[in-house]
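Mind the numbering: the sequence shown is residues 2 to 881 in my numbering, read in order.
All C-beta atoms, glycine included, are put in the ideal place defined by N, C-alpha and C.
Note that the structure is a prediction, hence the values are computed from the model and not measured.
Following: one structure in structure tokens, then a few remarks.
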Amino acid sequence: MKKKTLRRCGRVGCLCLAAAVALTAPSSVYASAAGTNKDETVYVNLDSAGNVQETIVSDWLHSDDATQRITDKSDLKDIQNVKSDEKSIQQGDTLTWVLDTDNTGKNIYYQGKTDKKTPLEISMSYTLDGKTVTASEIAGKSGKVTINLTLKNTSAQTVNVNGKDVTMYTPMTAIAVAILPSSTFKNVTVNSGKILSDGNNQFVTFLSMPGLSESLGLKDSAFTELSSLDLPETLTITADAKDFSLPSIMIGATPKLVDSDKLSTSDDIDKLVDSLKSLKDLQNDLNKVDPDKDISSLITNPDHTAAVKLLIDDVFDFYNLDTSDVTLLTKYINDNTFSLADKVTSDLTKSDLKYLFDSNVLGKTSTSLSKIDMKKANALMNDYATLSTFDASKLNGAAKLLSDSSAASGSLSKLLSDTSDLVTHVDANSLKVLGALSDPHIQNDLISTLTGLNTLKGTVASLTGGSANISLDQQDVKAFLESYLSRNLGNLAVQAIDSHAVNGMITVGGLSSIMKGLKVSADQQQNLVTAMCEIKPTTLGAAFAQNDPNAIVSAADVETALGTVLAGMSESQLKALVSPLAASLANNLTASVNNLLTNSNKLQNDLTNALGSNYVDVLKSAMSSAASLKTLAYDFATLPAQDQGKVVATMKDAQALLADKQTLAYLGTWAQKLPAMQNDLKANSGNIAALKQLMQVTQDTRLKKSLASLPSLSSDLNSVSSLVSSMKKDFSRIDRRKLPGTMSTLLKMRTDILNSKDVMNICRKATSDDTVSVFRDALNQADSLMSDAETNGYLDKIDSAEELLARKDEYLKLADQYQIFTEAADGATTSVKFVYKTAEIKKPTTEKATQAEVSNETQSGGIGAWFQNLFKNIRNLFHF
């Protein structure tokens, strides 16, 4: 049963390796007139590290023609015919095989040895439990093992690709087959390839194309989609091994290439390149019509783009613009209007109106001019000039004083006497008091206070049923303070923080002192601090976390956080917070508040008794006179002693004047007349000025000429009046307030267009017939190209695609050219393939055990017989 299983494993292994050599069907490279075919298989025996031990070449010569002689060339040593008795005739490297009569047109199988280096270099390495070991060191061991098989292409060629020399490698498609007995290897994994199993053995197959990536330049290619062609060149097998041993690993290689879908799409890439070349042609055409990139600058140049956008915005602003008022203007902006304007301008020039108006003589006739008495007129004008400077309002008080002098002369005399006594007896304190009472702010404050007290008195009376007396207990004051503090606690806290802050910073201890001053309990302080730290964790949180009263924080951060916390509190929470402070303040303020209420009520009663119920107005009127008294007293007090005497003397003179009733009556009469005279003169000031100018220009010929042109100008103005009436009627139907905005928008558009002249030139160039024709062709071609979905992804890859295709063509040529490893006669059709075999790794055994195993293998076939059978099957597969 065991022998049958091993044979089955051998057949499976042969099938796996057959998948590799199935790629190597012979293909013609050169046409052969003689019809000779030479199929060459190179067998390379390797040690367990991959070093070459022996290279045996097997050649199969055959011909479909009937012939008795086959000519061949070979550089092998120890050539032997392995299937028949025919001998070769060798001259140098030329071999001539003479066939037996019964072998005419058949086959010659011969082999030989060579030291020639094959295209592939094989290397093997091993690790045991992560440590690098040799084959002899790993044999018979157990543990986590890795087996690394590396294939390196050493057949480098220098190939010219698109005018550039590049290094490429002879194409080699290699398949490796490793057989891992299930009794030795468990949990097998590979980095690449496939794992097959028949229950007793696990078969690892590995496909590689060493040198492909370098030859096609896949690592540097812009076509990342072709990365799957970059097949691994190293097979890594990982497994758990018990009593490690490893059968030979077989590698089959051929210069033929695997049929790859990606390589087979080269026609599609060629088509893509053609499309991309078309795009290049389009770009060339665009460059011809826009060599300086002016048109493209409309997009690439931010200034040009902004200018175009501005012009477009202007256009859309125009679309939304109400132009009815502007449109109406076109009715009046025409040739007739311009003709009328020209005529009016001409007549205005002839009429010399500026000079006429400056002369101020319109409406005056020559008759009026002849009647003027120039001498008297000059005297009147001189009197007028003098009287026009008189300020009649200054006589108002004197007129009233003089008019009342008869009845009040005794009182006025006494008043002057009293005034004299007053100014001579005012001291510094009196001046200070008068100064304070004359200050408008103090006056307003006193009046506002008295008014407020009066209002308070009335409110209290309405609440108490007529009594103006009210007394507050401590709870009343506390309730008021709680309400006030609840609303203003944030502002009070900010004021306190600002007063303690230095350069915008405050210490943690200072903040605690402020809270204590506001009667905030320790628990409430902790809650406030915790809430503020949550709002400002990086600043306040870090500072309070130090537990250092000298730690400083930003006063602004504290105020912001505290304001946020207080704003989030409910009314009951705020009341609980300010209640201790309100209670403390109420304890101190209740008595003072009640005293204030009692005293204010008493003050109002006293003022009412002294000045009447309208005492506020009386005091206000009295204080308004304080400024005059203060000024009078101050002015007198600050005069030198001699000047004070003069003032007193002057007052006595005034007192004597007031005592002269006759003089006072006379002055009173004239005081009443003078204002009327001045009013008459003012009423005739225009006439007097006109008369003065008329006298100056009576003989002016320029004035006469100007007056002669007025009839024609009058006719023009009548026409203008008709036009203006029509305009007034039309413009009354529109919103004239929009006209300035409309004109501003239109003028802005004009400015934008003038400032964007260079952009407009580019736009004109872009819409020229030649440019439009090129762009239409470009868009049509672009639409055609864009219909190919692949083109969108490769527009920027044309150079890479061309190089990739060129490399691919050269790579295929190398594959076609490499058809023999040794030599062949001219004209022969050849093919070549390589089979590499690594040395088996056996676990160490005692001599007795070895003899027993050999005996057992001889009897039952054993693993050795299985490998011999496998190798034999491979040789038969290659016609060895």
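Other residues of its chain near residue i: CB distance less than 6 Å, five sequence neighbours each side excluded
i: V836; result: Y44 and G253
i: Y110; result: W61, V83 and K84
i: G564; result: G491
i: S89; result: L96 and W98
i: N192; result: T237
i: E841; result: P248 and S249
i: A853; result: The predicted model places A853 with a pLDDT of 39, which falls under 50 and marks its position as unreliable; any figure quoted below should be read in that light. Excluding sequence neighbours, A853 sits near nothing in its chain.
Rounded straight-line distance, which links the Cα of residue j to that of residue i
i: P182; j: D66; result: 48 Å
i: R777; j: V316; result: 26 Å
i: Q818; j: T95; result: 21 Å
i: N38; j: G194; result: 34 Å
i: T266; j: E804; result: Its pLDDT being 45, under 50, T266 is placed unreliably in this model, and the value from its coordinates should be taken loosely. Straight-line Cα distance between these residues: approximately 15 Å.
i: T531; j: V509; result: 13 Å
i: K214; j: M173; result: It should be noted that the sequence gives Ser, not Lys, for residue 214. Their Cα atoms are separated by approximately 12 Å.
i: N528; j: N615; result: 56 Å
i: A50; j: T151; result: 10 Å
i: F186; j: G164; result: 53 Å
i: A409; j: Q663; result: At A409 the pLDDT is 46, less than 50, meaning the model places this residue with poor confidence and gives no usable figure here.
i: D48; j: E138; result: 14 Å
i: V478; j: L575; result: 17 Å
i: S832; j: N285; result: 49 Å
i: N445; j: T743; result: 52 Å
i: A1; j: A546; result: The structure shown does not extend to residue 1, since the chain is modelled only from 2 to 881, so the question has no answer here.
i: N149; j: T72; result: 43 Å
i: L217; j: M169; result: 8 Å
i: T889; j: T456; result: Nothing can be reported for residue 889, as the shown portion of the chain is limited to 2 through 881.
i: I176; j: R70; result: 36 Å
i: D295; j: L748; result: 27 Å
i: P303; j: D759; result: 14 Å
CA nearest to the CA of residue i, picked from the options
i: N588; options: D817, Q475, S124 and D318; result: Q475
i: S484; options: P581, T746, Y616 and T599; result: P581
i: D76; options: Q547, I57 and K84; result: I57
i: G156; options: K289, E824 and L815; result: With the sequence shown as reference, residue 156 is identified as Ser, and Gly is not the correct amino acid for it. Selected option, being the one with the closest Cα: L815.
i: A568; options: S585, D499 and G491; result: G491
i: L208; options: G218, D73 and I196; result: I196
i: L312; options: R751, M533 and M728; result: R751
i: S198; options: D291, S184 and A556; result: S184
i: P248; options: L258, T255 and A136; result: A136
Own chain, CB closer than 7 Å to residue i, minus 5 neighbours either side, in chain order
i: H501; result: I507, G511 and I515
i: K537; result: D558 and A562
i: V162; result: E804, A807, R808 and E811
i: P845; result: A140 and G141
i: S720; result: L341
i: V345; result: D717 and V721
i: N595; result: S472 and L473
i: L129; result: I139, K142, G144 and V146
Strand pairing of residue i, partner residues [DSSP]
i: N154; result: L121
i: L711; result: Looking at the DSSP assignment, L711 forms no beta bridge with any residue, so it has no partner.
i: E41; result: D60 and V833
i: L181; result: Q203
i: D166; result: N161
i: M251; result: V178 and K838
i: V773; result: According to DSSP, which records beta bridges pairwise, V773 is partnered with nothing at all.
i: F186; result: A242
i: E55; result: N46
Spatial neighbours of residue i in its chain, beta-carbon cut-off 8 Å, leaving aside the 5 residues before and after
i: D79; result: G113 and K114
i: D293; result: none
i: N756; result: A308
i: I553; result: M506, I507, T508, V509 and A544
i: Q1; result: For residue 1 there is no data in the structure shown, the boundaries of the chain being 2 and 881.
i: K843; result: A140 and S246
i: T609; result: Y616
i: S298; result: H305 and I763
i: D348; result: S710, S713, L714 and D717
Segments assigned alpha helix (DSSP H), at least 4 residues, entirely inside the region 503-538: Complete alpha helix (DSSP H) runs here, min 4: 509-518 and 523-536.
Secondary structure, alpha helix (DSSP H): runs of 4+ residues fully inside the region 284-313: 295-301, all fully within the region 284-313.
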